[in-house]
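Notes to accompany the following structure.
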Amino acid sequence: MQETANITSKRRRLQRSPSPVSYKLDDEDSTYEPYIPVAQRREAKLAKLSSLGSNVDKEKSRKQLEELLEREDEEREEERRREKARRERTLLMEAQDVHSKKAAEDAKKTDVEKAEEADAEILAAIASRRKLASDLELAKGISYTDSLKTSWRAPRYIRERSEEQHQRLREKYHIIVDGEDIPPPIEHFSDMKIPEAMISFLKERKIITPTPIQLQGIPTAFSGRDMIGIAFTGSGKTLAFCLPIIMMALEAEARLPLVRGEGPVGVILCPSRELATQTYENVLSWATALAKDGKYPQLNTLLCIGGISMGDQSHVLNKGLHIVVATPGRLIDMLEKKRFTFNNCKYLCMDEADRMIDLGFEDDVRNIMSFFKRQRQTLLFSATMPRKIQDFAQQSLIKPILVNVGRAGAANLDVLQVVEYVKQEAKMVYLLECLQKTAPPVIIFSENKNEVDDIQEYLLLKGVEAVAIHGSKTQEERQYAIKSFKTGAKDVMVASGVASKGLDFNDVQHVIIFSMPKEIEDYVHQIGRTGRSGKTGIATTFVNMSTPEQTLLDLKYLLIEAGQKVPPFLQTVEDPRAAQGGSLKGCPVCGGLGHGISNCPKLEDAQRRQTASHRIDDGGGGY
370 MQETANITSK RRRLQRSPSP VSYKLDDEDS TYEPYIPVAQ RREAKLAKLS
420 SLGSNVDKEK SRKQLEELLE REDEEREEER RREKARRERT LLMEAQDVHS
470 KKAAEDAKKT DVEKAEEADA EILAAIASRR KLASDLELAK GISYTDSLKT
520 SWRAPRYIRE RSEEQHQRLR EKYHIIVDGE DIPPPIEHFS DMKIPEAMIS
570 FLKERKIITP TPIQLQGIPT AFSGRDMIGI AFTGSGKTLA FCLPIIMMAL
620 EAEARLPLVR GEGPVGVILC PSRELATQTY ENVLSWATAL AKDGKYPQLN
670 TLLCIGGISM GDQSHVLNKG LHIVVATPGR LIDMLEKKRF TFNNCKYLCM
720 DEADRMIDLG FEDDVRNIMS FFKRQRQTLL FSATMPRKIQ DFAQQSLIKP
770 ILVNVGRAGA ANLDVLQVVE YVKQEAKMVY LLECLQKTAP PVIIFSENKN
820 EVDDIQEYLL LKGVEAVAIH GSKTQEERQY AIKSFKTGAK DVMVASGVAS
870 KGLDFNDVQH VIIFSMPKEI EDYVHQIGRT GRSGKTGIAT TFVNMSTPEQ
920 TLLDLKYLLI EAGQKVPPFL QTVEDPRAAQ GGSLKGCPVC GGLGHGISNC
970 PKLEDAQRRQ TASHRIDDGG GGY
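Structure below.
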């Protein structure tokens, strides 16, 4: 027992911390000076002085020493105060100092310089968005350096022309191009190597020669190049992007016929169901015309939009799929359910691309991109594509070619624009007078859904055959409205902005804008429903005191640019930028000529929607 206790005692001693070691300085180390308190140092100095000289010298030296010591005390006290203030100083105070310095610098700058700096900051924030690419490509850092290879080549005599000859042809048709190794413009469909059956079908529809956007756009798309196509409304953009996808699908089918579960070869994305339906009908009619010739197979085309039963198109899904025309929401649903895949899809076109990217569809487009498994050719088309969207799109494309017919966002010159001042309470009565300007059909636009219904009800009461279309209508009601208006069963269609993007109505001579939209882009699209395919038309717009002054200024500049008559009340609207001596460049976000990016209504709406979505995500948006 005693032995066990001794062992335990030894273990405890071993586990105890070692005693501190005392280190002594070597005698030779003369750098060491022991610390002496301030009071002792003073007494030592005084004692030293007292042992020197006479009493007078001693008293004088004592006073000098006391003064020196007082100064030292004051300096130490001041140092302590500064140290204390430094510790108590907050980041907020430092930020206030920085702000005051910046304010002093800003005071030296002119208002124009301040505005330009603010615009540059906003543009830099917008430009920080991720490029449009699949998640796989972004995660693995995959980037393509070469455009998609195709078998198409322009005829030799066109390829042998000099670049100066190509440029003269572009200048003749007011085509602006930008990019590397631009394919040549071609003036005739036959030289584009389009099948004779298609050329004959186009001639039956009175499409004999290509429009400017087709003249440069179709050879560019046939060459496999990524493209941004900008042209005014009614200029034939649909044929420019549908014809390449049809030819690509025919080539794929000829090489190796597609069977069930394979395809599509290409997809066309549209922002609205109505535009998707119209594009689908065009693709279907052109593909059928080729199949009737007997030399080409029938292409399988799927319409993929919300509001219709996909079961009705099961006969299409049960075969190899060549082309899909879709809206983003339903397309994502079909891809997630694996009804078809994009494993072999190599063509993507976005119609009204600026709207697809700008108005809430950007995340959907990124989601759709994630289903692609290979390189694709990407085409973006629109009538209004501001510089901001062009720059963003170019980052996402591979060696893109910009084909621009006129200024992006400019109004169609074939439309006579009439702007009239009409009081709010007098609009309905004056509307009936305006309907007498031309024969039907006529389209009336309003930004408010309730107002659309009110206008239709008023016209019906007055004996006018009118239909209405807006986002709250069912798909059946929307399809009925468009079909009855296109066939001539109804004379007037009252619509919200849903009918302003890309829809093609034959023989519409007159468009009435009952309420002027805040964004000038919407106005350009709305008046573009008339004056299509080389025809002329009239657009009558109602404005009054409730119309924002900034919108009126955008409208004024648009009329001046198009060489239209500017009414006296619009001429009195002054541009504040002109008074400040600033540049009158258009807004890079919406293309409006009457304002800068700092007060862009489109940007304000986007920020408002983003704030609202954050509130909902945080649980503040109700159930």
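According to my numbering, the sequence shown is numbered sequentially starting from 370. We put the CB at the ideal spot given by N, CA and C, even for glycine.
For the alpha helix (DSSP H) holding residue i, just list the boundary residues, first then last.
i: Met797; result: 796 to 803
i: Ala621; result: 606 to 624
i: Gln583; result: 581 to 591
i: Glu845; result: 844 to 855
i: Phe570; result: 565 to 573
i: Phe911; result: Looking at the DSSP string, Phe911 is not in any alpha helix (DSSP H); the run it does join, the beta strand (DSSP E), is 906 to 912.
i: Ile929; result: 918 to 930
i: Met738; result: 731 to 738
i: Ile597; result: From DSSP, Ile597 is part of no alpha helix (DSSP H) but of the beta strand (DSSP E) over 596 to 600.
i: Ser362; result: Missing from the structure shown is residue 362; the chain here goes from 370 to 992 and no further.
i: Asp1000; result: Not covered by the structure: residue 1000. The range shown for the chain is 370 to 992.
i: Gln940; result: 937 to 940
i: Val893; result: 889 to 896
i: Glu540; result: 532 to 541
Can you give me the C-alpha to C-alpha distance between residue i and residue j, rounded to a whole angstrom?
i: Gln667; j: Pro581; result: 29 Å
i: Gln585; j: Asp466; result: 57 Å
i: Lys393; j: Ser469; result: With a pLDDT of only 48 at Lys393, under the threshold of 50, the placement of this residue in the model should not be trusted; the figure read from the coordinates follows. Distance between the alpha carbons of Lys393 and Ser469 is about 57 Å.
i: Asn687; j: Cys714; result: 18 Å
i: Ser497; j: Arg440; result: Note that Ser497 scores a pLDDT of 49, beneath 50, so its modelled location is shaky and nothing firm can be said.
i: Glu918; j: Pro945; result: 11 Å
i: Phe854; j: Ala808; result: 14 Å
i: Asn817; j: Met725; result: 22 Å
i: Gln940; j: Lys925; result: 7 Å
i: Ile576; j: Ser604; result: 12 Å
i: Thr377; j: Ala413; result: Bear in mind that a pLDDT of 48 at Thr377, under 50, signals an unreliable position, so the number given afterwards is only what the model happens to contain. Roughly 57 Å separates the two Cα atoms.
i: Gly989; j: Arg642; result: Confidence in Gly989 is poor, its pLDDT being 47 and thus under 50, which makes the residue's placement unreliable; the coordinate value appears in the next sentence. Taking the straight line joining both Cα atoms gives about 31 Å.
i: Asn913; j: Val787; result: 14 Å
i: Asp442; j: Gln433; result: 14 Å
i: Arg382; j: Glu448; result: Note that Arg382 scores a pLDDT of 49, beneath 50, so its modelled location is shaky and nothing firm can be said.
i: Ile838; j: Phe570; result: 32 Å
i: Leu872; j: Leu766; result: 27 Å
i: Glu622; j: Val791; result: 58 Å
i: Ala658; j: Ile851; result: 24 Å
Output needed for residue i: all residues of its chain with C-beta closer than 7 Å, excluding positions within five of it in sequence on either side, in chain order.
i: Ile545; result: Asn773
i: Lys796; result: Phe883, Phe911
i: Ile555; result: Ala523, Ile527, Met561, Leu584, Pro588
i: Lys887; result: Pro917, Thr920, Pro970
i: Gln942; result: Here the sequence assigns Val to residue 942, which means Gln is not the residue at that position. Closer than 7 Å at Cβ, skipping near neighbours: Glu918, Leu921, Leu922, Lys925.
i: Asp876; result: Pro810
i: Ser592; result: Thr519, Trp521, Pro552
Here's a check: name, in chain order, each residue in its chain whose Cβ is nearer than 6 Å to the Cβ of residue i, leaving out the five neighbours to either side.
i: Ser751; result: Glu721, Ala722, Asp723
i: Ser559; result: none
i: Cys718; result: Phe610, Ile637, Leu748
i: Ile881; result: Cys803, Ile813, Thr909
i: Leu594; result: The sequence as given places Arg at residue 594; Leu does not occur at that position. Taken in chain order, the residues that qualify are Ser516, Ile770.
i: Ala645; result: Cys639, Ile674, Val694, Thr696
i: Leu538; result: Pro554
i: Lys768; result: Ser516, Glu549
Comparing alpha-carbon positions, which option in the options lies nearest residue i?
i: Leu672; options: Tyr649, Asn913, Leu659, Leu927; result: Tyr649
i: Leu638; options: Arg743, Leu749, Glu820; result: Leu749
i: Gln744; options: Glu428, Arg449, Ser512, Met754; result: Ser512
i: Ala864; options: Ile577, Ile881, Gln534, Ile813; result: Ile813
i: Glu705; options: Ser683, Phe730, Phe740; result: Phe740
i: Glu789; options: Ile907, Leu619, Pro640; result: Ile907
i: Asp550; options: Met596, Ile568, His557; result: Met596
i: Leu828; options: Leu571, Gly857, Val798; result: Val798
i: Lys904; options: Thr514, Arg410, His879, Val893; result: His879
i: Glu731; options: Ile701, Asn712, Tyr716, Lys768; result: Ile701
i: Asp760; options: Glu794, Lys792, Asp547; result: Asp547
i: Tyr716; options: Lys661, Glu444, Ala618, Val893; result: Ala618
i: Gln534; options: Pro552, Leu690, Phe591; result: Pro552
i: Lys806; options: Leu785, Gln409, Gln895, Met754; result: Leu785
What are the residues that DSSP puts in a beta bridge with residue i?
i: Leu653; result: Partner(s): none; Leu653 has no beta bridge.
i: Phe814; result: Ala864, Ile882
i: Asp720; result: Phe750
i: Leu638; result: Ala695, Met719
i: Asp547; result: Leu771
Hey, is residue i's beta-carbon within less than 8 Å of any beta-carbon in chain B?
i: Glu573; result: Protein chains in the displayed structure number just one, and chain B is not present.
From what residue to what residue does the beta strand (DSSP E) around residue i run?
i: Glu789; result: 784 to 790
i: Val836; result: 835 to 838
i: Leu672; result: 670 to 673
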